[in-house]
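Trainee: Under numbering that gives the first Met the number 0, the first residue of the sequence shown is numbered 0, with each subsequent residue one higher. By construction, the Cβ of each residue, glycine as well, lies at the ideal position given by its N, Cα and C atoms. Quick one: structure below, then a few questions.
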Amino acid sequence: MDYELMMNGNVKIGQKAPDFEAITTCGKVCLNDYKGKWLVLFSHPGDFTPVCTTEMIALARAYTYFEQLNTSLLGLSVDSNSSHLAWMYDIYCKTGIKIPFPIIADRNGEIARKYGMISSDVSNTETVRNVFIIDDKGIIRTILIYPLNVGRFIPEIIRTVQALQMADCSKGSTPANWMPGQPVIVSPPKTYCELEERQKYIQENNNGISWYLSFKNPDENCVNKLKDCKKDAIDEKCKCKET
0 MDYELMMNGN
10 VKIGQKAPDF
20 EAITTCGKVC
30 LNDYKGKWLV
40 LFSHPGDFTP
50 VCTTEMIALA
60 RAYTYFEQLN
70 TSLLGLSVDS
80 NSSHLAWMYD
90 IYCKTGIKIP
100 FPIIADRNGE
110 IARKYGMISS
120 DVSNTETVRN
130 VFIIDDKGII
140 RTILIYPLNV
150 GRFIPEIIRT
160 VQALQMADCS
170 KGSTPANWMP
180 GQPVIVSPPK
190 TYCELEERQK
200 YIQENNNGIS
210 WYLSFKNPDE
220 NCVNKLKDCK
230 KDAIDEKCKC
240 KET
């Protein structure tokens with residue numbers, strides 16, 4: 000499977016995220032370092048580029064929101080570690096904003112190819128704007144891909160993490176345009192008896208349109224669980240490891 004991933008970047012939602020070890024701006028990291036945490040792994044085309052710079056600033060500003068959701072950020076491009084460090088320092092000098100998360104220096108493109116981050120129809124070297132949301136068990140849950148000339152909308156990435164965590168905890172689904180605190184979709188019934196019960200429940204509570212689409216308020220334990228994540232938020236610091 001690893002060979003196939005290396006050749007084709009055939010990464011899919013629901014599969015175990017391909018393992019890697021890499022040099023970053025915060026030292027060496029491997030995927031296993033993030034065990035027990037959610038991870039947003041994202042690629043950018045190149046350092047010292049305009050769209051990427053705005054994304055780094057936006058992600059740095061949103062860093063604590065991700066931490067409150069037990070979620071780490073990890074960037075990647077095929078530029079060198081020295082280039083990453085110089086770019087981070089330039090951003091700090093120009094804006095006063097520190098980049099608090101690691102950026103992988105994937106010089107040979109090994110990780111980029113493994114995750115399918117390079118689109119040969121666009122560029123044979125630059126990575127497009129991929130986002131992989133990996134859960135605390137190391138499973139790929141969401142894949143987002145943006146072109147080189149369109150920056151990512153960071154609030155949507157945060158909302159997606161929140162929706163995934165709420166759906167997992169409530170054992171349901173989230174509807175279109177769902178936002179935290181709103182009702183979630185109840186899993187549809189699997190038997191005719193359950194169908195009749197669900198239809199009756201909808202009529203009594205006016206909380207759906209039919210047996211296959213009904214809603215419930217998020218379980219209080221789930222809401223409290225997500226609130227606890229916010230209470231445990233850590234300081235906005237780069238968790239650099241000693242090499």
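Taking the straight line between their C-alpha atoms, what separation do you get for residue 181 and residue 51?
Mentor: Residue mapping note: residue 181 aligns to position 182 of the sequence shown, counting from 1. Residue mapping note: residue 51 aligns to position 52 of the sequence shown, counting from 1. Residue 181 and residue 51 have their C-alpha atoms spaced approximately 33 angstroms apart.
Trainee: Taking only the alpha-carbon atoms, compute the straight-line gap between residue 15 and residue 183 and give it to the nearest angstrom.
Mentor: The residue labelled residue 15 in the question sits at position 16 within the sequence shown. The residue labelled residue 183 in the question sits at position 184 within the sequence shown. Distance from the CA atom of residue 15 to the CA atom of residue 183, rounded to whole angstroms, is 26 angstroms.
Trainee: Please state whether the Cβ-Cβ distance between residue 47 and residue 72 is less than 8 angstroms.
Mentor: Here the question's residue 47 lines up with position 48 in the sequence shown. Here the question's residue 72 lines up with position 73 in the sequence shown. Not closer than 8 angstroms, so no.
Trainee: Throw me the rounded Cβ distance for the residue 45 and residue 78 pair, which I believe falls under 8 angstroms.
Mentor: Here residue 45 refers to the residue found at position 46 when the sequence shown is read from its first residue. Here residue 78 refers to the residue found at position 79 when the sequence shown is read from its first residue. Residue 45 to residue 78, Cβ: 6 angstroms. Contact.
Trainee: What is the DSSP secondary structure of residue 12, counted as helix, strand or coil?
Mentor: In the sequence shown, residue 12 corresponds to position 13, counting from 1. Residue 12: coil per DSSP, three-state reduction.
Trainee: How long is the line joining the alpha carbons of residue 113 and residue 19, rounded to whole angstroms?
Mentor: Looking up residue 113 in the sequence shown gives position 114. Looking up residue 19 in the sequence shown gives position 20. If you take the alpha carbons of residue 113 and residue 19, they lie about 9 angstroms apart.
Trainee: How about residue 54 and residue 115: are their beta carbons less than 8 angstroms apart?
Mentor: For the purposes of this step, residue 54 is taken as residue 55 along the sequence shown, with counting starting at 1. For the purposes of this step, residue 115 is taken as residue 116 along the sequence shown, with counting starting at 1. Contact check for residue 54 against residue 115 fails: the beta carbons are separated by 8 angstroms or more.
Trainee: Nearest to residue 257 by CA position, among 213, 168, 202, is which residue?
Mentor: Since the first and last residues shown for the chain are 0 and 242, residue 257 lies out of range.
Trainee: When you compare the CB positions of residue 87 and residue 98, do they come within less than 8 angstroms of one another, or not?
Mentor: Residue mapping note: residue 87 aligns to position 88 of the sequence shown, counting from 1. Residue mapping note: residue 98 aligns to position 99 of the sequence shown, counting from 1. For residue 87 and residue 98, yes; Cβs fall inside 8 angstroms.
Trainee: Would residue 65 and residue 132 qualify as a contact pair, given that the criterion is a beta-carbon distance under 8 angstroms?
Mentor: Taking the sequence shown and counting its residues from 1, the one referred to as residue 65 is at position 66. Taking the sequence shown and counting its residues from 1, the one referred to as residue 132 is at position 133. Going by C-beta atoms, residue 65 is not nearer than 8 angstroms to residue 132.
Trainee: Here's the rule I'm using: 16 or more other beta-carbon atoms within 10 Å means buried, otherwise exposed. How should residue 94 be labelled?
Mentor: Reading the sequence shown from its first residue, position 95 is the one you call residue 94. Answer is exposed; the Cβ neighbour count stays below 16.
Trainee: Beta-carbon separation of residue 110 and residue 166 under 8 angstroms?
Mentor: What you label residue 110 is simply residue 111 of the sequence shown in a count that begins at 1. What you label residue 166 is simply residue 167 of the sequence shown in a count that begins at 1. No, these two residues do not count as a Cβ contact at 8 angstroms.
Trainee: Could you tell me the alpha carbon to alpha carbon distance between residue 3 and residue 129, rounded to whole angstroms?
Mentor: Taking the sequence shown and counting its residues from 1, the one referred to as residue 3 is at position 4. Taking the sequence shown and counting its residues from 1, the one referred to as residue 129 is at position 130. At residue 3 the pLDDT is 40, less than 50, meaning the model places this residue with poor confidence; the figure from the coordinates comes in the next sentence. Computed Cα separation, rounded: 19 angstroms.
Trainee: What is the rounded straight-line gap between the Cα of residue 192 and the Cα of residue 209?
Mentor: Numbered from 1 along the sequence shown, position 193 holds the residue referred to as residue 192. Numbered from 1 along the sequence shown, position 210 holds the residue referred to as residue 209. Each residue's Cα considered, the two are about 15 angstroms apart.
Trainee: Could you check what DSSP says for residue 183 in three-state terms: helix, strand or coil?
Mentor: Against the sequence shown, residue 183 aligns to sequence position 184. In this structure, residue 183 counts as strand in the three-state DSSP scheme.
Trainee: Please confirm whether residue 105 and residue 82 have their CB atoms less than 8 angstroms apart.
Mentor: Translated into positions along the sequence shown, residue 105 becomes position 106. Translated into positions along the sequence shown, residue 82 becomes position 83. Cβ atoms of residue 105 and residue 82: not closer than 8 angstroms.
Trainee: Tell me where the beta strand (DSSP E) around residue 28 begins and ends.
Mentor: The residue you call residue 28 lines up with position 29 of the sequence shown. Unbroken beta strand (DSSP E) run through residue 28: 26-29.
Trainee: Among 179, 207, 200, whose alpha-carbon lies nearest the alpha-carbon of residue 218?
Mentor: On the sequence shown, position 219 is the one that residue 218 refers to. Checking every option, the nearest Cα to that of residue 218 belongs to 179.
Trainee: I believe residue 69 touches residue 135 by the beta-carbon criterion, under 8 angstroms. Please report the beta-carbon distance rounded to the nearest angstrom.
Mentor: Residue mapping note: residue 69 aligns to position 70 of the sequence shown, counting from 1. Residue mapping note: residue 135 aligns to position 136 of the sequence shown, counting from 1. That pair is a contact at about 7 angstroms.
Trainee: Given this structure, state the Cα-to-Cα distance separating residue 67 from residue 197, to the nearest angstrom.
Mentor: For the purposes of this step, residue 67 is identified with residue 68 of the sequence shown, where counting begins at 1. For the purposes of this step, residue 197 is identified with residue 198 of the sequence shown, where counting begins at 1. Rounded to the nearest angstrom, the two C-alpha atoms are 35 angstroms apart.
Trainee: Can you name the residues that DSSP bridges to residue 194?
Mentor: As a first step, residue 194 must be located in the sequence shown, where it is residue number 195. Its beta-bridge partners do not exist; DSSP assigns none.
Trainee: DSSP has residue 206 in a bridge; who is on the other side?
Mentor: As a working mapping, residue 206 is identified with position 207 in the sequence shown. Note: residue 206 sits in no beta bridge, so no partner.
Trainee: Residues in its own chain within less than 8 angstroms of residue 249 by CB, not counting five upstream and five downstream?
Mentor: Only positions 0 to 242 of the chain appear in this structure, which leaves residue 249 out of reach.
Trainee: Ordered along the chain, which non-local residues of its own chain (more than five positions away) have a Cβ less than 7 angstroms from that of residue 159?
Mentor: Looking up residue 159 in the sequence shown gives position 160. The answer, listed in chain order, is 132, 141.
Trainee: May I ask which residues mark the beginning and end of the beta strand (DSSP E) holding residue 41?
Mentor: Stepping through the sequence shown from its first residue, residue 41 is reached at position 42. First-last of the beta strand (DSSP E) with residue 41: 37-42.
Trainee: Starting from residue 94, trace the beta strand (DSSP E) both ways and give me its first and last residue.
Mentor: For this step, residue 94 is matched to residue 95 along the sequence shown. Note, residue 94: premise wrong, no beta strand (DSSP E); alpha helix (DSSP H) at 80-94.
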